[in-house]
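J.: For the sequence shown, the residue numbers in UniProt numbering are 1 to 238.
The C-beta atom is built at its ideal place from N, Cα and C for all residues, glycine as well.
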Amino acid sequence: MSRPTDPSLDIAHLAHVEMLTDRCDESLDSFTRVYGLKLSCQDESSACLRAWDEYEVHALKLTRAATTGIGHVGYRVDSPEALERRVAAIEASGCRSYGRVEDDMGHGRAYRFEFPFGHLFEIGWDTMRYLPAAADAPALKNNASHYHARGVAPRRIDRVTLLGEDVSASRAFVEAAPDNRVKECIQFDNVRPGGVWFTCNNKTCPVPSNAGATDAGAGLGAGLLDRGGPREGAGLGG
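(1) Could you check which residue in VAL34, SER27, ARG23 and HIS13 has the C-alpha nearest to that of ARG150?
(2) Give the DSSP bridge partners of CYS48, in chain order.
(3) Return the first residue and the last residue of the alpha helix (DSSP H) that VAL167 is part of.
(4) Quick one: is the Cβ of ASP189 within less than 7 Å of any heavy atom of the ligand COA?
(5) Buried or exposed, going by whether 16 or more other CB atoms sit within 10 Å of the CB of THR21?
(6) With a Cβ-Cβ cutoff of 8 Å, do ARG47 and LEU28 count as a contact?
(7) Straight-line CA distance for ASN190 to CYS200?
(8) Would you check if the distance between the CB atom of ALA59 and the CB atom of ILE123 is smaller than 8 Å?
(9) Looking at the secondary structure, which residues open and close the beta strand (DSSP E) in which GLU114 lies?
(10) Taking the C-alpha atoms as reference points, what is the distance between ALA169 and PHE117?
(11) Using three-state DSSP, classify SER79 as helix, strand or coil.
(12) If you draw a straight line from the C-alpha of PRO138 to the C-alpha of ARG85, how long is it?
(13) Return the Cβ separation of ALA177 and ALA89 in integer angstroms, given the expectation that the two are a contact with Cβ distance under 8 Å.
(14) Exposed or buried, what is MET1 when buried is set at 16 or more other beta-carbons lying within 10 Å of its beta-carbon?
(15) Restricting to Cα atoms, I'd like to know which of GLU54, THR68 and ALA12 is closest to PRO132.
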């Protein structure tokens with residue numbers, strides 16, 4: 001089966017978000033017990049979690065740090081060819097890039113780069129699929145694992161909101177390099193944009209970008225997990 005060559009289909013979906021935490025044990029307890037995420041793998045510095053219908057090993061990575069914030073945001077592309085097209089577009093944009101990374105837990109090789117706000121992003125094709133044990137096997141074949149109804153029990157990661165100084169610069173970059181589409185925006189009376197919602201598919205707006213600089217010039221506004229029902233969601237931090 002041939003794959004699409006339309007660049008607008010290169011980015012398949014939001015894959016995962018890394019959150020930095022200075023209270024990793026408490027954060028892990030909250031996300032598993034209250035939010036109902038499942039721990040899929042961990043080491044001495046990080047823990048990978050997933051919602052019950054995520055086909056990949058993780059959607060959220062908690063990493064021990066001296067402060068809180070966002071580590072990086074990961075997209076999955078549609079094919080190896082799509083990865084090369086997006087890498088070429090990102091490098092042509094002149095943004096700061098960090099090249100290929102291969103040692104991150106939860107997925108294979110990816111390409112890491114920096115948004116205008118200073119947030120780290122990565123795109124990749126190689127991934128690790130979640131293989132449920134017998135006790136976690138889904139009742140329906142089109143689900144990734146058993147619905148356990150623990151805590152909020154979100155179905156999958158939905159989006160992440162980023163804060164930064166220049167929404168216009170973010171919009172221009174996201175439309176040109178990752179090639180997301182603008183779904184809606186906020187425009188103030190002085191014509192200055194206050195927020196933009198982007199999407200790479202027909203399901204969600206995975207990366208809204210809002211005005212609101214922090215001392216470091218960039219910040220995490222919130223993340224959202226989809227519960228699967230209409231207008232239902234669970235916020236992740238803020």
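T.: According to the structure data:
(1) VAL34
(2) CYS41 and LYS61
(3) 167-176
(4) In the structure on display, the ligand COA does not appear, and there are no ligands present to speak of.
(5) buried
(6) It should be noted that the sequence gives Ala, not Arg, for residue 47. Yes, Cβ-Cβ distance for ALA47 and LEU28 is below 8 Å.
(7) 29 Å
(8) no
(9) 110-114
(10) 9 Å
(11) coil
(12) 36 Å
(13) 5 Å
(14) Bear in mind that the predicted position of MET1 carries a pLDDT of just 45, short of 50, making it unreliable; the figure below should be weighed with that in mind. Its Cβ having fewer than 16 others within 10 Å, MET1 is exposed.
(15) GLU54
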